[in-house]
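Asker:
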Amino acid sequence: MAVPWSLCWRSSAGAAVVLDWCCGLSRRAFTHTASASRGTASSSALTQVLFRQGPVHNLNKPMILARHRFRCLYSTPRVCCSIHSDAKLKDPFSLAQKDLQDLYEDIKKQLLVSKAELKALCDYYFDGKGKAFRPMIVILMARACNVHSNKEGVLLPAQRSIAMISEMIHTASLVHDDVIDDSDTRRGKNTINKLWGEKKAILAGDFILSAASMALARIGNNTVVSVLSQVIEDLVRGEFMQLGSKENENERFKHYLEKTFKKTASLIANSCKAVSILVNSDPEVHEIAYQYGRNVGIAFQLVDDILDFTSCANRLGKPSAADLKLGLATGPVLFACQQFPELHAMIMRRFSTDGDVDRAWQYVLKSDGVEQTNYLAQHYCQEAIRQISRLRPSTERDALIRLTELMLRRDK
Amino acid sequence: MAWRSRLSYIGRRHLSIIFSNPSPSNWTKVVSDAEKIVGYPTSFMSLRCLLSDELSNVAMHVRKLVGTKHPLLNTARGFVFDSRNNIQMRGLVVLLMSKAAGPSPSTSDPIHDSMISGIYPSQRNLAEITELIHTAFLVHRGIVNLKEWSNSDGPLKDMQFGNKMAVLSGDFLLANACTGLAQLNDTKVVELISSAIGDVVQGIYHESSSSAEEGSLTLASWEDQTFLSHGALLAKSCQAAMKLARHGTEAQNLAFQYGKHLTLGHKLNSDLQPFVKSESEPAVFSLDSAPVVFHRQIVGPERWRHQLKQAQNMARQIDYTKLRGLIKMERGVSQALDLCSYHGNKALEAMKCFPPSDARSALENMACAVTKF
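Top to bottom, those sequences are chains Z and P. Here the first sequence is numbered in UniProt numbering, starting from 1 and rising by one per residue. Here the second sequence is numbered in UniProt numbering, starting from 1 and rising by one per residue.
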């Protein structure tokens, strides 16, 4: 295979699966890649399975070429260098800042509850200390699509609602995840379940979701309602996928990436799609917005999974190796397993035997699992850039491009 | 110990939520007659949902809970083993209401052709969604607070696992309700049903926080809270069924009223069951049930505290049979009975404006059945 980073993957079968996921290649392009790299057509069954996920892509030019070109244009640096000194990279955040000023206040206004205690629970994470990462992307995407559609300067109120709803859905799912994982802390605070108990935490999550759903309905657009309802289903299905592990290596990668899409990327992808639908009727624009969100979302989670191994405990707001402790095998472990097959048994028993977590941790650090996961994240970012570059140039579009670099470099 | 008694109380309440059939024989007959009218039996919990990988996954895992005290086990048992008794009243009422209201008033409406036994497919989907939401909250109601769990009650790990399954399966049902709602293609209906979900949450939240200081409810707040936790979903679903067939605001309002009063009457009926049974049967009831709330209002807080003390046994636990005797000496029970027939009659009244039909009669029979003991 001509693409240099692919050399890092020891199992080219695994790489083919991953590759396909990265780019959402058309069926022809995929078979082409597979046969070019391995000279076999054995992957056709796999191809069929893979192509049932995600929408179908109608891109005219061969993707392989496009990928080459963009690889040269946008090389992304490696993980784990601090960004705080670099003012220029903060741009995406400051650019969206004005539109997001009253975000949390507006969310709290949506949470209409008569009982003071339930109100306090619902408001708990909307304290203004979150990164508001999702709303930021949504706002920038909305403005980029608006420029693309010749409607400069105006952010539609409905588009801003989508930004708000995306944060609400995200928060509702966090509240439930903390109960499922029995977590004590989140963003440096005690979790709702620790403070008020599991029962009330679940109800608070349900309430935030119902408020988000009402706000969504009030936009009055059936397509937008459908698009974001899909997110809610994906979130739960992703959580279910996390319960199981796959015996077979290829299956395991596919399972991991599909889970990552459902748990993290679907929300970003579909929110981006929703804001594009609100301003432009061209399905191709919707697809660009969706694909950008999908690729950025998966990359975001891959970096998160890396940070679980590389970041020290207090930075991420959660203890490191948290995923291993929950029995989850993320990207770095899956890559490490190709190098150290000893990990296989541990993955299958979900690191449940004494000492498994430490041993797995050691193996991952000895392997280049972290590095390879990072390459994979870079690749998703390149695809996101390729997609968004199809929109007409605008400050916001460029900010979305810069955001991918920022994301790869983030250390918390 | 406190936990143990509360858990068994929750367990019982759970069963009573699932199987709460006022005067079982009468109610069951009314309901099974009504089922015939709407076309097919009331297994609305969509097959799609029950046959999904996700729920069969849960079913597999729930087996691990056998022998533990996690409430999810009872809830699940209710679906699987007692599906015959687990009458999905809410879905049925939505279908009957749809049929009673008839086709869309504007005759040129293209949705006409899609009616099956007098009900639009969207209304059938709505009935299913209503059941999904109701079931989701049965499951979420059964989440256990881990802090209140002591080691003597059994391994904490089992409870954590049970919670995990309960959160996931409840969320799964809610998510399916959300996508189902979106497919109805009516944002007003999405908004209405979403607000009903919010209502149910507030109602249940109240339930779970006042259970700590059980017996603190006033009559007015009993009605408010019962509407939120039991009535809002059905009332708003009935209203939405009218909206889907493009009936006007008047029909929507009547349907809402029927759903509201039927559930309030139904709840009063089941609250009254322990008080109308023969004296010899042992009694168990919530101190927040309607007859107790009425009684407390009549005797005042001081005498009530005295009576609670009176009803305590040697182990300082409440002897419910004794307490029932004290309550039955006052007018609380008869006032609750009056309120029950008031709501039954209000439900009947709401049906008057609908044209006579089998479906209307069935809804009237249900409204009558909740006032019979």
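For glycine and all other residues, C-beta sits at the position ideal for the given N, C-alpha and C.
Check whether chain P comes within 9 Å of residue 354/Z, counting only Cβ atoms and requiring the distance to be less than that.
Answerer: So no, residue 354/Z is outside the interface.
Asker: Hey, out of 200/P, 275/P, 193/P, whose CA is closest to residue 238/P's CA?
Answerer: Closest by alpha carbon: 193/P.
Asker: Short of 7 Å in beta carbon distance, which residues of its chain neighbour residue 388/P, apart from the five on each side in sequence? Order them along the chain.
Answerer: Missing from the structure shown is residue 388/P; chain P here goes from 1 to 373 and no further.
Asker: Whose C-beta lies closer than 6 Å to the C-beta of residue 87/Z among residues of the same chain, with five residues either side of it excluded?
Answerer: Note that residue 87/Z scores 42 on pLDDT, short of 50, meaning its location in the model is unreliable; the coordinates nonetheless yield the value given after this. Correct list: empty, nothing qualifies.
Asker: Using a 10 Å radius around the Cβ and a threshold of 16 neighbouring Cβ atoms, would you call residue 116/P buried or exposed?
Answerer: Exposed, by the Cβ-count rule.
Asker: Name, please, each residue of chain Z whose Cβ falls closer than 9 Å to the Cβ of residue 129/P.
Answerer: Chain Z residues near residue 129/P: none, gap ~12 Å exceeds 9 Å.
Asker: Express the C-alpha separation of residue 210/Z and residue 197/P in angstroms, rounding to a whole number.
Answerer: C-alpha separation (whole angstroms): 6 Å.
Asker: Looking at the secondary structure, which residues open and close the alpha helix (DSSP H) in which residue 281/Z lies?
Answerer: Element bounds for residue 281/Z: n/a, residue is neither H nor E.
Asker: Buried or exposed: where does residue 157/P fall if 16 or more other Cβ atoms within 10 Å of its Cβ makes it buried?
Answerer: Flag for residue 157/P reads exposed.
Asker: Three or more C-beta pairs closer than 8 Å, one from the stretch 279–293 of chain Z and one from the stretch 92–108 of chain P: is that the case here?
Answerer: Judged by Cβ distances under 8 Å, the stretch 279–293 of chain Z makes no contact with the stretch 92–108 of chain P, as fewer than three pairs qualify.
Asker: Answer yes or no: do residue 310/P and residue 326/P have a C-beta to C-beta separation smaller than 9 Å?
Answerer: It is a contact, given that the beta carbons lie within the stated cut-off.
Asker: Roughly how many angstroms lie between the CA atoms of residue 90/Z and residue 133/Z, to the nearest whole one?
Answerer: With a pLDDT of 47 at residue 90/Z, under the threshold of 50, the predicted position of this residue should be treated as unreliable, and no value is reported.
Asker: In its own chain, which residues sit with a C-beta less than 8 Å from the C-beta of residue 231/Z, not counting the 5 before and 5 after it?
Answerer: Excluding residues within five positions, the ones whose Cβ falls inside 8 Å are 169, 266, 267, 270, 271.
Asker: Report all residues from its chain with a CB closer than 8 Å to the CB of residue 256/Z; omit the five preceding and five following residues, and keep chain order.
Answerer: So the list reads 329, 330, 331, 334, once near-sequence residues are dropped.
Asker: Taking a cut of 8 Å between CB atoms, which residues from the stretch 168–187 of chain P lie near chain Z?
Answerer: Listed in sequence order: 168, 170, 171, 172, 174, 175, 176, 178, 179, 181, 182, 183, 185, 186, 187.
Asker: Are the CB atoms of residue 169/P and residue 58/P nearer to each other than 9 Å?
Answerer: Cβ atoms of residue 169/P and residue 58/P: closer than 9 Å.
Asker: Have a look at residue 175/Z and residue 182/Z and give me their C-alpha separation to the nearest angstrom.
Answerer: Cα to Cα, residue 175/Z sits roughly 10 Å from residue 182/Z.
Asker: Report yes or no: is there a C-beta of chain P within less than 9 Å of the C-beta of residue 244/Z?
Answerer: So yes, residue 244/Z belongs to the interface.
Asker: Quick one: list the residues of chain P neighbouring residue 211/Z, beta-carbon separation under 7 Å, in chain order.
Answerer: Correct list: 198.
Asker: Check the Cβ of residue 240/Z against every Cβ in chain P and list those closer than 8 Å, keeping chain order.
Answerer: Residues of chain P passing the Cβ test: 53, 54, 57, 168, 172.
Asker: What does residue 195/P touch in chain Z if you count any residue whose Cβ is under 8 Å from its own?
Answerer: 210, 214, listed in chain order.
Asker: Which same chain residues, not among the five before or five after residue 124/P, have their C-beta less than 6 Å away from its C-beta?
Answerer: None.
Asker: Are the stretch 340–354 of chain P and the stretch 255–263 of chain P in contact at 8 Å, needing three or more beta carbon pairs?
Answerer: These segments touch.
Asker: For residue 54/P, count the other beta carbons within 10 Å of its own beta carbon; 16 or more makes it buried, fewer makes it exposed. Which is it?
Answerer: Answer is buried; the Cβ neighbour count reaches 16.
Asker: In chain order, which alpha helix (DSSP H) runs of at least 4 residues are fully inside the stretch 190–262 of chain Z?
Answerer: With a minimum length of 4 residues, the continuous alpha helix (DSSP H) runs that stay inside the stretch 190–262 of chain Z are 192–196, 198–219, 222–241, 249–260.
Asker: Check the Cβ of residue 126/Z against every Cβ in chain P and list those closer than 9 Å, keeping chain order.
Answerer: Result: empty, since nearest Cβ-Cβ is about 16 Å, beyond 9 Å.
Asker: Check the Cβ-Cβ distances between residue 163/P and every residue of chain Z, and say whether any is below 9 Å.
Answerer: It does: the Cβ of residue 163/P has a partner Cβ on chain Z nearer than 9 Å.
Asker: For residue 312/P, name the three-state secondary structure that DSSP assigns.
Answerer: Correct three-state label for residue 312/P: strand.
Asker: Should residue 315/P go down as buried or exposed, given a rule of 16 or more other Cβ atoms within 10 Å for buried?
Answerer: Under this definition residue 315/P is an exposed residue.
Asker: Since I believe residue 275/P is in contact with residue 331/P (beta carbons under 8 Å), could you give me their beta-carbon distance rounded to a whole number of angstroms?
Answerer: At roughly 12 Å, the Cβ-Cβ gap does not stay under 8 Å, so residue 331/P and residue 275/P are not in contact.
Asker: Three or more C-beta pairs closer than 8 Å, one from the stretch 184–195 of chain Z and one from the stretch 216–233 of chain Z: is that the case here?
Answerer: Segments in contact, no.
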